[in-house]
Amino acid sequence: GLVVGLVVGDVVGEVVGLVVGLVVGEVVGEVVGLVVGLVVGLVVGEVVGEVVGLVVGLVVGEVVGEVVGLVVGLVVGLVVGLVVGEVVGEVVGLVVGLVVGEVVGEVVGLVV
3 GLVVGLVVGD
13 VVGEVVGLVV
23 GLVVGEVVGE
33 VVGLVVGLVV
43 GLVVGEVVGE
53 VVGLVVGLVV
63 GEVVGEVVGL
73 VVGLVVGLVV
83 GLVVGEVVGE
93 VVGLVVGLVV
103 GEVVGEVVGL
113 VV
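To convert, count from 1 in the sequence shown and add 2; that's the numbering used here.
Quick look at the structure:
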């Protein structure tokens, strides 16, 4: 009974931990990636837009510079935000999934 309990508990714990870890990691990764991507995208877009707008404004004119800076800032911010958010989300999701999966797996395995 003791041996069977240990073996079954270990197997069930591993499987449950893996599944829970994958799900939780995926969800947390998506949310964190979205938030980080949004913030980084806004900041980078704002800075790049200001600089480009200033440079273009000096060469062509202030009004054109404002418009070009706004457009460039939006595009750069969007691209940078998407890339950074995706990378951060994947990494955070992986780490959280591993940790949560391990803990849940151990607890479930012990109980089962």
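Even for Gly, the Cβ is constructed at its ideal location relative to N, Cα and C.
Check: Same chain only: Cβ atoms within 8 Å of E28, ignoring 5 sequence neighbours per side; Outcome: G95, G99
Check: Member of V6, V105, V114, V49 whose CA lies at the smallest distance from the CA of G19; Outcome: V105
Check: CB contact flag (G71, V58, <8 Å); Outcome: yes
Check: CB of V78 within 8 Å of CB of V50, strictly; Outcome: yes
Check: Beta-carbon proximity list for L24, same chain, < 8 Å, skipping 5 on both sides; Outcome: G99, G103
Check: Three-state secondary structure (DSSP) of G51; Outcome: helix
Check: Between the CA atoms of V113 and V42 - distance to the nearest angstrom; Outcome: 43 Å
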